[in-house]
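Heads up, the thing below is written out as structure tokens.
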Amino acid sequence: MIRLAANLSMLFTEHDFLERFAAAADAGFSGVEYLFPYAYSPDTLRSALEASGLQQVLFNLPPGDWEAGERGVASLPGREAEFRDSVTEALRYAVALDCPRVHAMAGLIPEGADESTRQAHHATYVANLRFAAREAAKLGREVLIEPINTRDMPRYFLSHQDQAMAVLQEVGEPNLRLQFDLYHCQIMEGDLVRHLECQFEHIGHIQIAGVPERHEPDVGEVHYPAVFERLKELGYVDWVGCEYRPAGNTRAGLAWGRPFGLRPE
Ligand SMILES: O=C(O)[C@@H](O)C(=O)CO
Ligand SMILES: [Mg+2]
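In the UniProt record's numbering, the protein residues as written are 1 to 265.
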């Protein structure tokens, strides 16, 4: 049986951030993920997890200057020292929050990047990810990479599943795994079930949302019951992150999750 994690960067935004933990637990979630923990101390977040009985299942490395539009630094030539510091900081939180995996965002390529610029990003990405995976392995953690659609995030360096598979293979560290976000894959490539099958052994985390509006998974063009059925047949028993923007009230929109124990009311 899959386990559902509430993405607290998107769900329960009716509440202040620290109150979202209790709201998620009350609605039947057993885990949480969110973009970044760094605005709070590990102690504060650990208290919120303990009080609500939730597991922390994922968060991202520091992404560079998010407010200025940066979306990770893992593939950015010249930012290697910052990347290494971000690995150290993320792993400090991962240990404190007992979180088994962290996501390293790739970053953006320059407008009109030519082939040699792309190759420089690729080489930096591979070297940085190898470093991150080896550091994470010392602490028993995984590092994830996630192809993101270039409509929502133009110029994001990692946008296709094949590209992610090639990077995983080249880095060659067993704890570097795929964050398979079905929303992004549907927008860029479709063919969700075949992608899941082909990449199954490399998947470290799954995220879902309706397409194209990124609302609840029962709104839009993806028939998630079929996807969940195939995941069950494949033997997926790990976390699925609910990373969508509720069309209305978060709790009222949870009817799709009743088979997994979510409580809309
Ligand atoms: O899909 C997403 O947007 C997230 O999983 C993420 O980490 C980057 O925004
Ligand atoms: Mg995602």
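Yeah, the Cβ is synthetic: ideal placement off N, Cα and C, and Gly gets one too. Being a predicted model, the structure only gives us computed values, none of them experimental.
task: Please list, in chain order, all residues of the same chain as A252 whose beta carbon is under 7 angstroms from its beta carbon, the five residues on each side excluded.
output: Cβ-Cβ distances below 7 angstroms link A252 to P264 in the same chain, with the five nearest sequence neighbours on each side left out; the list follows chain order.
- prompt: Does DSSP put W256 in a helix, in a strand, or in coil?
  reply: DSSP, reduced to helix, strand and coil, places W256 within a helical segment of the structure shown.
- request: Kindly examine ligand 1 and report whether one of its heavy atoms sits closer than 7 angstroms to the Cβ of I187.
  value: Between ligand 1 and the CB of I187, the shortest heavy atom gap is not smaller than 7 angstroms.
query: Among all residues, which have a Cβ less than 6 angstroms from at least one non-hydrogen atom of ligand 2, and in what chain order do they fall?
result: With 6 angstroms as the limit between CB and the heavy atoms of ligand 2, the residues that fall short of it are E146, D181, Q207, E243.
Cβ-based neighbour list, F260, same chain, cut-off 6 angstroms, excluding 5 preceding and 5 following: Excluding residues within five positions, the ones whose Cβ falls inside 6 angstroms are L4.
task: Report buried or exposed for M10, applying the criterion of at least 16 other Cβ atoms within 10 angstroms of its Cβ.
output: M10 comes out buried.
query: Do three or more CB pairs link the region 231-249 to the region 202-215 at distances below 8 angstroms?
result: They touch, by the three-pair rule.
field: Distance between I203 and D191 (C-alpha atoms, nearest Å)
entry: D191 and I203 have their C-alpha atoms spaced approximately 16 angstroms apart.
- prompt: Does the beta carbon of I203 fall short of 7 angstroms from some heavy atom of ligand 1?
  reply: Here the distance from the Cβ of I203 to the nearest heavy atom of ligand 1 is not below 7 angstroms.
Same chain, Cβ closer than 6 angstroms to I206, five either side skipped, listed in chain order: Around I206, the same chain offers F180, V240 as residues with beta carbons nearer than 6 angstroms, after the five sequence neighbours per side are excluded.
- prompt: Based on the DSSP secondary-structure assignment, which residues constitute the bridge partners of Y156?
  reply: Listed as beta-bridge partners of Y156 by DSSP are L108.
message: On the DSSP bridge list, what partners appear for W239?
response: Checking the DSSP bridge columns, you'll see W239 partnered with R3.
query: At what residues does the alpha helix (DSSP H) containing H205 begin and finish?
result: First-last for H205: 203-208, but that is the beta strand (DSSP E), not the alpha helix (DSSP H).
task: Note the first and the last residue of the continuous alpha helix (DSSP H) segment covering R230.
output: Where R230 is concerned, the enclosing alpha helix (DSSP H) stretches over 224-234.
Any non-hydrogen atom of ligand 1 within 7 angstroms of H160 CB: No, the Cβ of H160 stays beyond 7 angstroms of every heavy atom of ligand 1.
query: Would the region 81-88 and the region 122-132 be scored as touching if the rule is three or more Cβ pairs under 8 angstroms?
result: With a cut-off of 8 angstroms, the region 122-132 and the region 81-88 count as touching, because enough Cβ pairs lie within range.
- prompt: Just the Cα atoms here: how many angstroms apart are Y156 and Y40?
  reply: For Y156 and Y40, the distance between alpha carbons rounds to 27 angstroms.
- prompt: Can the beta-carbon of L54 be found less than 8 angstroms from the beta-carbon of F17?
  reply: No, Cβ-Cβ distance for L54 and F17 is not below 8 angstroms.
field: Contact belief for L91 with L49 at Cβ below 8 angstroms, rounded distance in angstroms
entry: Not confirmed; about 17 angstroms, so no contact.
task: Taking only the alpha-carbon atoms, compute the straight-line gap between V126 and T150 and give it to the nearest angstrom.
output: Going by the C-alpha atoms only, they are around 21 angstroms apart.
task: Below 7 angstroms CB to CB, which residues in the same chain sit around N7 once its five sequence neighbours on both sides are set aside?
output: Within the same chain, N7 has close Cβ partners E33, Y34, G241, C242, E243.
message: For a test of your reading of the model: does the CB of P35 fall under 7 angstroms from any non-hydrogen atom of ligand 1? Yes or no.
response: It is Leu, not Pro, that sits at residue 35 in the sequence shown. Yes - ligand 1 has a heavy atom lying nearer than 7 angstroms to the Cβ of L35.
Burial state of C198, where buried means 16 or more other Cβ atoms lie within 10 Å: Flag for C198 reads exposed.
field: Of the listed residues A25, M153, L231, R118, nearest to R194 (C-alpha basis)
entry: The option with the nearest alpha carbon to R194 is L231.
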